[in-house]
Amino acid sequence: KPSNNYQKKALRLLNKLKLIVKDLKGSTGYKLCQRNEICALIKRFSTPALFLTLNLSDINHPLVGVLGGLLPEQWQQMSLYNCSLFVAKNPAAAAQFFHVVMCTFFKVIVKHGSNSPGLCGHSEAYYSMMEAQGRGTLHCHMLLWLHGNPNPQVLRDQMCEDPAFEVQLFQ
Numbered sequence: 001k002p003s004n005n006y007q008k009k010a011l012r013l014l015n016k017l018k019l020i021v022k023d024l025k026g027s028t029g030y031k032l033c034q035r036n037e038i039c040a041l042i043k044r045f046s047t048p049a050l051f052l053t054l055n056l057s058d059i060n061h062p063l064v065g066v067l068g069g070l071l072p073e074q075w076q077q078m079s080l081y082n083c084s085l086f087v088a089k090n091p092a093a094a095a096q097f098f099h100v101v102m103c104t105f106f107k108v109i110v111k112h113g114s115n116s117p118g119l120c121g122h123s124e125a126y127y128s129m130m131e132a133q134g135r136g137t138l139h140c141h142m143l144l145w146l147h148g149n150p151n152p153q154v155l156r157d158q159m160c161e162d163p164a165f166e167v168q169l170f171q
């Protein structure tokens, strides 16, 4: 809590800056906007059914080599160390690999916006965040809302009313 007028003015200025830098990835304003988007999805669709983290193994996949200009046979003959070096020296190929695999994941596994259900059911909404790990490779955190997923209060009420449901749920 600010204790004098100078601190209060500084705090007001910092709060204004949050709004100005809301598009600057990694800033406090950016994170606040993301948090607000997730809260809006929770208000609309209730709690998400799944939290997923997708961490692709780019140093083991020949598609990275192909996207970087190698033949699959060349990639397969490389040692793990040389594959790691290749990925480090070709971040565009690694990013393209990530993009291709993530698009395929959404199209084949999640099937958001499709009439047919995905692997886990009909997707109502999703929120995903891509970020880089310490070694620079990309990974994705995702919240997934599925049609028919009961909210926690409904589950609690059903377990209280029907002990057989509780047993079935946790088996």
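If you count by the UniProt record's numbering, then the sequence shown holds residues 1 to 171, one letter each, in order.
Every residue gets a Cβ at the ideal spot worked out from N, C-alpha and C, and that includes glycine.
Everything numeric in this text was worked out from a predicted model, so none of it was measured.
Just to confirm, is the Cβ distance from residue i to residue j under 8 angstroms?
i	j	result
Gly68	Ala93	yes
His122	Thr53	no
Tyr143	Glu124	Note that residue 143 is Leu in the sequence shown, not Tyr. No, the pair does not count as a contact, with Cβ atoms beyond the cut-off.
Ile109	Leu80	no
Thr47	Pro152	yes
Phe165	Gln158	yes
His99	Phe106	no
Leu14	Pro2	no
The alpha helix (DSSP H) with residue i in it runs from where to where?
i	result
Ser84	80 to 89
Asn70	In the sequence under discussion, the amino acid at residue 70 is Leu, which differs from the Asn named in the question. Note, Leu70: premise wrong, no alpha helix (DSSP H); not H, not E.
Cys140	It is not in any alpha helix (DSSP H) - Cys140 instead sits in the beta strand (DSSP E) that spans 138 to 146.
Gln158	152 to 161
Lys43	28 to 45
Compare the Cα-Cα distances from residue i to each of the options and report the closest residue.
i	options	result
Leu119	Lys18, Lys9, Leu50, Leu11	Leu50
Ala132	Pro91, Arg156, Val100	Pro91
Tyr127	Gly65, Cys33, Phe165	Cys33
Val64	Val101, Lys31, Gln171, Phe45	Val101
Gln77	Thr104, Asn36, Pro62	Pro62
Ser57	Cys39, Phe97, Pro72, Val154	Phe97
Provide the residue span of the beta strand (DSSP E) that contains residue i, from first to last.
i	result
Phe51	50 to 55
Short of 7 angstroms in beta carbon distance, which residues of its chain neighbour residue i, apart from the five on each side in sequence? Order them along the chain.
i	result
Met130	Leu138, Cys140
Asn115	none
Less than 6 angstroms between C-beta atoms, sequence neighbours within five positions excluded: which residues of the same chain meet that for residue i?
i	result
Ala28	The question names Ala, but residue 28 in the sequence shown is Thr. Taken in chain order, the residues that qualify are Lys18.
Phe45	Glu124, Ala125, Trp145
Cys83	Ile59
From the DSSP secondary-structure annotation, give me the bridge partner or partners of residue i.
i	result
Ser116	Note: Ser116 sits in no beta bridge, so no partner.
Met129	His141
residue 254	For the chain, the structure presents residues 1 to 171; residue 254 sits outside this window and is missing.
To which residues of the same chain is residue i closer than 8 angstroms at the C-beta, ignoring the five residues directly before and after it?
i	result
Tyr30	Val21, Lys22, Asp23, Leu24
Gln74	Gly65
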